[in-house]
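Numbering (our numbering), first residue to last: 20 to 670. Positions of the beta carbon are idealized from the N, C-alpha and C atoms, including for glycine. In this text the structure is predicted, and so the values were computed from the model without any measurement. See below for the structure under consideration.
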Ligand SMILES: Nc1ncnc2c1ncn2[C@@H]1O[C@H](COP(=O)(O)OP(=O)(O)OP(=O)(O)O)[C@@H](O)[C@H]1O
Ligand SMILES: [Mg+2]
């Protein structure tokens, strides 16, 4: 992994890990706190709601009870029993008026009515209006409004021991196609006279909207839906019906004939469990809904119960957290992007000096030996740079020492060569000197014997041996002489031809043919006599190696515009692999003792090298050896420059 990527990873982790901890740890904690808080809040709401509903019902009971004790009410109902027509009408009129006034002041009242002891409504005020009695009671000779004797709120009121009987919570009007009519509760108070005879009933209808408003008010500001569900052990059709539901269509399924029922909405099992709970609590449903419940009993006789339910879900409870969670998530993404940019920037800044150092090291490796790390840094990279510099110094020092050692080795080699040379000189010169000695003795004898012919022959041999000594000494001098060659421009083509002519008799001696293809005017600058010395040696070697009657091919031409190539090919035995390594060594010769000095090629090598050329010898494919000499061609530029120098010298 590259440095930049590593830095990015570290920075990315450094920013994202705390955020992830925040997201999963802190949010988790907040969630459970929130759940607890909302649970407590909803339980509180439910208990407030039941207190609220209870206080409404209690106050309504108190109102109705109070009304039943109002003298006008009590008196009318008690005397209606008697058949005193005059006082009846007056009292009825007065009570009607009282009821109308009273209803005006207590808006919760929907209707007020009075029945006689048989259950016939003899007086009724409804929604601010007097209801006229239109039906005739033949027994009493009196008009009445309706017969309530068979209605449950009348019958049950008679049968209970309660002072005020509360009817089931129901629709104010039960008709099939009727529009929704607010729910209501009927409060029935049986009235008895002084003799404790039942004389009639005071029935007050109270609007159920009063309870709706209380429920809604308690729930205001809370999330979740609230229901009031009836749990009725006696009337199965009422068991599980909604008494309150925000959608009025769902209420009183048994009276409206709608299919909406709480027990169907939550399932039979859940309903059974819920209705059995006496204590407030909550329940999680499989579909994610959470139900908070609180039982309330409005009826003193306990015939049915109301279940106050608040329905909510985790989504709703955790909605504020969801927002926090997504905010943190966004933050995480933003921080990741920012950290990416920062990482790219920081990584760039941090990696740049490292990359610079790497480049310096690379360039040093490629051969820039003098290059050093020059940045002034106090950090680790600076330290690495300094370490690199001192490593370079060490390497350079080692290299210098190695070069020195190599030079010393070369020097030693030279000394060895000189030693060899000395041995060679001793050996080479020893023979001709011995010969000279014996020839001189012979010549001395011949002269004393006056054998002039023999003396001449001896002296001539003596001269030969002397020449040999001189040539050996010359070779040594050539090898050791460090004098620079005298450079002049000359025509190599002409020198080649002249040299071949000079050696013609040597060719003839072995019946050899010199086949030459020499490009004319091969001009070069150099020491003409030294170059001729090279040519002579190479030609003599070729002649020596060639069998009788063979051809020696000499070619000379220009290659690559500025190089003269001279090739000398013979048909001898060529050179063995072992000899090839040594042929340029001084005194290396395969010729029999006395025939070669072994200095020819080593001297030639030195001469060609001084002329900035090259000489090599290798075996030819189908013939013997081929010698290749490369020399620089004199360019017109050089000529001009040279001419200029001459002119200025002359001038
Ligand atoms: N054309 C060639 N064919 C085969 N061997 C060669 C040829 N030219 C040179 N050599 C080998 O290289 C050796 C060295 O040659 P070099 O010219 O230095 O010395 P030399 O010829 O032996 O003695 P000198 O040159 O003094 O007569 C020769 O003895 C020979 O073995
Ligand atoms: Mg030779």
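Inter-residue spacing [alpha-carbon to alpha-carbon] between residue i and residue j
i           : j           : result
residue 500 : residue 373 : Note on residue 500: pLDDT 48, under 50, position unreliable in the model; the coordinate value appears next. When rounded, the distance between both Cα atoms is 56 Å.
residue 630 : residue 474 : 47 Å
residue 134 : residue 96  : 8 Å
residue 382 : residue 393 : 14 Å
residue 502 : residue 453 : Only weak support exists for where residue 502 lies, its pLDDT of 49 falling under 50; the value from the coordinates is given anyway. Roughly 32 Å separates the two Cα atoms.
residue 179 : residue 253 : 16 Å
residue 208 : residue 239 : 35 Å
residue 333 : residue 48  : 15 Å
residue 153 : residue 159 : 14 Å
residue 151 : residue 220 : 18 Å
residue 78  : residue 85  : 10 Å
residue 463 : residue 614 : 27 Å
residue 114 : residue 172 : 22 Å
residue 98  : residue 278 : 48 Å
residue 468 : residue 458 : 15 Å
residue 417 : residue 378 : 23 Å
residue 155 : residue 90  : 27 Å
residue 176 : residue 184 : 5 Å
residue 188 : residue 203 : 6 Å
residue 308 : residue 217 : 52 Å
residue 671 : residue 181 : With the chain represented from 20 up to 670, any question about residue 671 goes unanswered, as that position is not in the structure.
residue 482 : residue 551 : 25 Å
residue 108 : residue 247 : 44 Å
residue 535 : residue 520 : 12 Å
residue 105 : residue 190 : 38 Å
residue 132 : residue 116 : 12 Å
residue 461 : residue 523 : 35 Å
residue 163 : residue 265 : 39 Å
Cβ pair residue i, residue j closer than 8 Å
i           : j           : result
residue 480 : residue 525 : no
residue 694 : residue 304 : Here the chain comprises residues numbered 20 to 670, so residue 694 is not present and cannot be evaluated.
residue 112 : residue 144 : no
residue 54  : residue 335 : no
residue 541 : residue 510 : yes
residue 603 : residue 617 : no
residue 259 : residue 231 : no
residue 280 : residue 326 : no
residue 583 : residue 652 : yes
residue 455 : residue 420 : no
residue 621 : residue 553 : no
residue 310 : residue 287 : no
residue 408 : residue 396 : no
residue 46  : residue 347 : yes
residue 643 : residue 598 : no
residue 585 : residue 645 : no
Residue i: CB within 7 Å of a non-hydrogen atom of ligand 4
i           : result
residue 454 : In the structure on display, ligand 4 does not appear, and the ligands it does have are ligand 1 and ligand 2.
Expected contact under 8 Å - CB spacing of residue i and residue j to nearest Å
i           : j           : result
residue 538 : residue 565 : Contact flag wrong, Cβ pair sits at about 24 Å.
residue 146 : residue 127 : Contact flag wrong, Cβ pair sits at about 12 Å.
residue 323 : residue 233 : That belief does not hold up - the Cβ atoms of residue 323 and residue 233 are roughly 19 Å apart, past 8 Å.
residue 38  : residue 350 : 7 Å
residue 211 : residue 222 : Not quite, the Cβ-Cβ distance comes to about 15 Å (not below 8 Å), so this is no contact.
residue 515 : residue 573 : 7 Å
residue 363 : residue 43  : 28 Å between Cβ atoms; not a contact.
residue 518 : residue 555 : 6 Å
residue 241 : residue 64  : 6 Å
residue 315 : residue 83  : 20 Å between Cβ atoms; not a contact.
residue 477 : residue 465 : 6 Å
TODO: Kindly confirm or deny that the segment 117 to 126 and the segment 157 to 174 touch, where touching means at least three C-beta pairs closer than 8 Å.
DONE: no
- [ ] Answer yes if the segment 398 to 407 comes into contact with the segment 55 to 62, meaning at least three C-beta pairs across the two stretches below 8 Å, and no otherwise.
- [x] no
Open item on the list: Please give me, in chain order, every unbroken run of the beta strand (DSSP E) with length at least 3 that falls completely inside the segment 111 to 186.
Closed with: 128 to 135, 139 to 145, 148 to 150, 154 to 156 and 161 to 163
Task: Cβ pair count under 8 Å reaching 3, the segment 619 to 639 against the segment 514 to 532 - done: no
Open item on the list: At 4 residues or longer, what runs of the alpha helix (DSSP H) sit wholly inside the segment 455 to 530?
Closed with: 471 to 499, 511 to 521 and 523 to 528
Task: Those runs of the alpha helix (DSSP H) which lie wholly inside the segment 579 to 659 and span at least 4 residues - done: 596 to 599 and 619 to 629
TODO: Count the C-beta pairs between the segment 259 to 270 and the segment 345 to 359 that are closer than 8 Å, then say yes if the count reaches three, no if not.
DONE: no
- [ ] Decide yes or no for the touch test of the segment 563 to 583 against the segment 591 to 603: beta carbon pairs closer than 8 Å, at least 3 of them.
- [x] yes
Open item on the list: Does the structure place the segment 617 to 630 close enough to the segment 535 to 554 that three or more beta carbon pairs sit under 8 Å?
Closed with: yes
Open item on the list: Quick test of the definition: if touching needs 3 or more C-beta pairs under 8 Å, does the segment 288 to 302 touch the segment 226 to 239?
Closed with: no
- [ ] Jot down the residue ranges of each uninterrupted alpha helix (DSSP H) in the segment 306 to 390, minimum 4 residues, whole runs only, in chain order.
- [x] 333 to 336 and 338 to 384
Task: Any beta strand (DSSP E) of 3 or more consecutive residues that is wholly inside the segment 255 to 282 - done: 261 to 263
Task: Contained alpha helix (DSSP H) runs [length at least 4] in the segment 48 to 110, N- to C-terminal order - done: 90 to 99
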